[in-house]
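Position in the sequence shown (from 1) plus 529 gives the number in our numbering.
Using N, Cα and C, we set each Cβ at its ideal position, and we do this for glycine too.
Quick notes on the structure that follows.
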Amino acid sequence: MAKMLYSVTMSLDGFIAGPGGDMSWLTEHLGPDPTVDELIGEIGALLVGNRTFRGDDPHVGTDGEGKAFGGGWTGPQFVLTHHAPSAPVPGVTFVGDLGSGVAAAKAAAGEKYVNILGADVARQCVETGVLDEILVFVVPVLLGDGVRLFDHPGGTNVRLERLSLTHTPQATSIWLRVVR
């Protein structure tokens with residue numbers, strides 16, 4: 530069965546997007562990364578938050594604009610929203626609640642990962658106990674403000690076990706398993 534993975538690039542001070550969801554900071558940190566290349570082949574479906582789906586694109590102005598992983602991945606996407614657009618979007622299914630989104634994405638992913646895109650969706654997955662793994666690419670920049678990797682004021686500790694730690698010129702990646 531598919532595992533739920535939250536993979537994300539983060540500034541050293543813990544932000545995955547700048548103020549207002551700005552993703553332009555990420556553009557200069559995109560580049561070849563063996564961990565990303567390997568991960569892309571292991572993703573069977575995406576579970577995406579509405580703000581992430583409609584938000585900034587670090588690939589703007591390139592051939593990868595509007596495409597998952599800058600065009601490096603194609604497959605079924607499930608967007609969690611209460612306000613689906615009236616016109617269909619090819620390859621995208623809009624779902625109204627986390628439970629049905631997780632179920633549909635897992636069914637579509639088969640034995641591969643469901644990759645979560647969006648801090649709020651990841652937070653919901655942690656809170657409901659469906660998140661299996663986290664892969665964080667830490668890049669050498671301080672943003673100072675924006676969207677945090679995980680924001681849950683007053684929340685409880687979530688125990689994690691490190692699976693791997695790798696370094697490239699672009700980032701240090703930390704792959705973790707949620708301990709249940």
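Where residue i falls, given that 16 or more other Cβ within 10 Å makes a residue buried
{"i": "G684", "result": "exposed"}
{"i": "S536", "result": "buried"}
{"i": "L694", "result": "exposed"}
{"i": "G620", "result": "exposed"}
{"i": "V708", "result": "exposed"}
{"i": "M530", "result": "exposed"}
{"i": "V618", "result": "exposed"}
{"i": "T556", "result": "exposed"}
{"i": "R652", "result": "buried"}
{"i": "A637", "result": "buried"}
{"i": "L689", "result": "exposed"}
Residue i vs residue j beta-carbon contact at 7 Å
{"i": "T701", "j": "V667", "result": "yes"}
{"i": "V608", "j": "F582", "result": "yes"}
{"i": "L705", "j": "I663", "result": "yes"}
{"i": "G647", "j": "G549", "result": "no"}
{"i": "T697", "j": "D551", "result": "no"}
{"i": "Q699", "j": "G604", "result": "no"}
{"i": "I645", "j": "L576", "result": "yes"}
{"i": "I703", "j": "V665", "result": "yes"}
Span of the beta strand (DSSP E), counted from its first residue to its last, around residue i
{"i": "G573", "result": "I572 to G578"}
{"i": "E557", "result": "Run containing E557: none; DSSP gives neither H nor E here."}
{"i": "T538", "result": "K532 to S540"}
{"i": "A546", "result": "F544 to A546"}
{"i": "T622", "result": "V621 to V624"}
{"i": "F607", "result": "Q606 to L609"}
{"i": "W704", "result": "T701 to V707"}
{"i": "H787", "result": "The chain is shown from 530 up to 709; residue 787 falls before or after that span and cannot be answered."}
{"i": "V668", "result": "E662 to V668"}
Sequence-distant residues of the same chain with beta carbon closer than 8 Å to residue i, five excluded per side
{"i": "L672", "result": "S540, D542, F544, G547 and W554"}
{"i": "N686", "result": "none"}
{"i": "V624", "result": "F607, V608, L609, T610, G630 and A633"}
{"i": "R580", "result": "G550, G647 and D649"}
{"i": "G658", "result": "R709"}
{"i": "K641", "result": "A531, E571, I572, G573 and A574"}
For residue j and residue i, believed in contact at Cβ under 8 Å, the rounded distance
{"i": "D649", "j": "L534", "result": "That belief does not hold up - the Cβ atoms of D649 and L534 are roughly 16 Å apart, past 8 Å."}
{"i": "E643", "j": "G573", "result": "Residue identity check: residue 643 is Val in the sequence provided, not Glu. At roughly 7 Å, the Cβ-Cβ gap stays under 8 Å, so V643 and G573 are in contact."}
Segment limits, alpha helix (DSSP H) that includes residue i
{"i": "L627", "result": "L627 to A638"}
{"i": "V650", "result": "A648 to T657"}
Same chain, Cβ closer than 6 Å to residue i, five either side skipped, listed in chain order
{"i": "I622", "result": "For clarity, residue 622 is Thr in the given sequence; the question names Ile instead. Excluding positions up to five away in sequence, the list reads F607."}
{"i": "D674", "result": "P548"}
Close Cβ partners of residue i (< 7 Å) along its chain, the five nearest in sequence each way excluded
{"i": "H681", "result": "R652"}
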